[in-house]
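See below for the structure under consideration.
There are 2 protein chains.
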Amino acid sequence: MTETEPLRAAMIEAAERQLASSSDHEIATRAVCEAVGVSQPVLYRLFGDKRGLLDAVADHGYERYAALKAAQERTGDPVADLHAGWDGHMAFAQANPALYQLMFTPRPWSHSTARDRVTDLLAAALTRCAAAGALKLEPRTAARLILAANIGTALDHIARPALFADPALSHRMRDAVFSHVLTEPPARQDADPLRAAALRLRAQLQLGGTEALEPVETALLQRWLERIARP
Amino acid sequence: MTETEPLRAAMIEAAERQLASSSDHEIATRAVCEAVGVSQPVLYRLFGDKRGLLDAVADHGYERYAALKAAQERTGDPVADLHAGWDGHMAFAQANPALYQLMFTPRPWSHSTARDRVTDLLAAALTRCAAAGALKLEPRTAARLILAANIGTALDHIARPALFADPALSHRMRDAVFSHVLTEPPARQDADPLRAAALRLRAQLQLGGTEALEPVETALLQRWLERIARP
DNA sequence: GTCTGGCTGTATCATTGATCGCATGACAGA
DNA sequence: TCTGTCATGCGATCAATGATACAGCCAGAC
């Protein structure tokens, strides 16, 4: 489609560049026109409006977003894909903050369908999870939920002056929402559940001890648990 | 404080009114000045900038937000207060969409502290939860998490043309995040985590055994675990 | 009574979104 | 090849808006 209307595509790309480099996340129609060497009326003929240009930029952003998704997903495990999708979303947001806000922040006019199409993409990924029996909710409901959380977290990351890009927060949110949406992972959870159980009991013993065993017994138990837990 | 500078307050309120009624979530400095019967230079002397005016509007929005919070919280159960706080946040967003976006959507300049102060408010409410032993995370971390989810959900509600104001989505998100942040409220699941850990390890041993211990040791371990697990 | 300082309004500039009418060039048909 | 038609791009311009320079005015001090 960049072939059918090279001028249109050039203007969209110029607008996106200016949006990314502008300090206030704004663009000037004049500057966009000058960047591609045409005058303002062409812009208004092609896009009708500044809004129309911004909508086109947002949709173009969706194209890039979708391409990214298409390139990186489908490892075979749909749940793992979903996790990667969340992280990819966050990376996209941090790489293109202005474009991201244009796409995912509500604008009262905005005929852009970027957000809805991203929801569809996510719903499709979730349907694959549902086919694997890993989804507790209806795919579209789950998609809205996940996307809302993803956007909220991404905006939080954008708002902070990147003091410390805290991936822990993103992963916390991801785990919180996913555990509400997905079924418990089949059982594999721990490659070695015995070792996990031993570690857990050891921690509990160190924390509070027990009156069910004699001190000597407890001490020996501790040694055994250590041996079980050793790699 | 509306007493010390009535003119300033009047301009902020006029700006907020125009922001709420404008179709594109924008305001014109001229219109604000005319609304209060002064001319432009006063605005620039009071706020320095259009940005300054918007920041002041956002901060004023925080005042209203904080007043709402102060009025409705503190029922005695801090966790119940937290739930009410989430719903109150959503209600505030739906009642003042434009102001809400001004307060909680990242703007590259913006010296407004509204968002940080809301985080502080939330962290205080969470500290009360922590005092009741109901919090799994550090209050500030939990606050960022909850606020990000709350904002994401609110923006989703604003973005939708209010087709059907789906409170289910908001409550799903609330439950998902809260269950990740708060300890299990009812039944406390395991009054005795040591017993739970022992039960778990016993089950694992019966399932697969271990090569880390001699058979005799394993047998004795089993007996001990039984003793620990006994009510 | 006069002077000083702060405050306000008028007039104005610069930028930007948006539009009007004309020129230019391509193309179809005679 | 000539001519009429149409689409397309452009210079010029308008309207709205953010922002400012400068002069006038009023209160209070001396």
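One line per chain: the protein sequences are X and P, in this order.
At position 28 of the first sequence the residue is numbered 28 (UniProt numbering), and the sequence of numbers has no breaks.
At position 170 of the second sequence the residue is numbered 170 (UniProt numbering), and the sequence of numbers has no breaks.
Don't be surprised by glycine CBs; every beta carbon is placed ideally from N, CA and C.
Assignment of Leu182(X) by DSSP, reduced to helix, strand and coil, places it in the strand class.
Contact with chain X is absent for Ala10(P), since none of that chain's Cβ atoms lies less than 8 Å from the residue's Cβ. In the three-state DSSP reduction, Leu135(P) falls in the strand class (E or B).
Chain P has no Cβ within less than 8 Å of the Cβ of Met90(X).
If you draw a straight line from the Cα of Pro6(X) to the Cα of Ala91(X), it is about 29 Å long.
Within the same chain, Ile12, Ala15, Glu16, Leu19, Leu99, Leu102 come within 8 Å of Val57(P) by CB-CB distance, once the 5 residues on both sides are set aside. DSSP places Asn96(P) in the coil class of the three-state scheme, outside both helix and strand.
For the region 208-224 of chain P, residues whose beta-carbon sits nearer than 7 Å to a beta-carbon of chain X comprise Gly208, Thr210, Ala212, Leu213, Glu217, Leu221, Trp224.
Here Ala28(P) carries a coil assignment [DSSP, helix/strand/coil]. Taking all protein chains in view, the Cβ of Ala197(X) is crowded by 16 or more other Cβ atoms within 10 Å, so the residue is classified as buried. Between Leu169(P) and chain X, the shortest Cβ-Cβ separation is below 8 Å.
In the assembly as shown, Asp156(P) is a buried residue. Its beta-carbon has 16 or more other beta-carbons within 10 Å. Here Leu213(P) carries a coil assignment [DSSP, helix/strand/coil]. Under the three-state reduction of DSSP output, Thr113(P) falls in the coil class, being neither helix nor strand. Flagged as an interface residue toward chain P: Gly152(X), by a C-beta distance shorter than 8 Å. With 16 or more neighbouring CB atoms inside 10 Å of its own CB, His180(X) falls in the buried class. Between the alpha carbons of Ala28(X) and Ala95(X) lies a distance of about 22 Å. Taking 8 Å as the cut-off, the Cβ atoms of Arg227(P) and Leu213(X) count as close. Looking at the backbone, the Cα of Asp87(P) and that of Ala149(P) are separated by about 12 Å.
Exclusion of the five residues before and after Lys136(P) leaves Val181, Leu182, Thr183 as the residues of its chain whose Cβ lies within less than 7 Å of its Cβ. Against chain X, a Cβ distance below 7 Å from Trp86(P) picks out nothing, because the smallest value is about 13 Å.
Contact between the region 58-65 of chain X and the region 100-120 of chain X is present: 3 or more CB-CB pairs across the two stretches fall below 8 Å.
Scanning the UniProt domain "HTH tetR-type" (5-65) of chain X for uninterrupted beta strand (DSSP E) segments of 3 residues or longer gives nothing; none is fully contained. Shown here for Phe47(P): same chain residues with a beta carbon closer than 7 Å to its own, the five before and five after excluded, namely Leu53, Ala56 in chain order. Approximately 11 Å separates the beta-carbon atoms of Thr218(X) and Leu194(P); this is outside 8 Å, ruling out the contact. Taking the Cα positions, Tyr62(P) is about 45 Å away from Ala131(X). Interface flag for Leu99(X) against chain P is unset, since no Cβ pair is found closer than 8 Å. When C-alpha distances from Pro97(X) are compared across Arg230(X), Gln222(X), Asp175(X), Asp24(X), the shortest belongs to Asp24(X).
Contacts with chain X at 8 Å (Cβ-Cβ) do not include Gln18(P). A straight line joining the alpha-carbon of Ala142(X) with that of Asp175(X) spans about 14 Å. Think of a sphere of 8 Å around the beta carbon of Asp175(P): the chain X residues whose beta carbon falls inside it are His180, in chain order.
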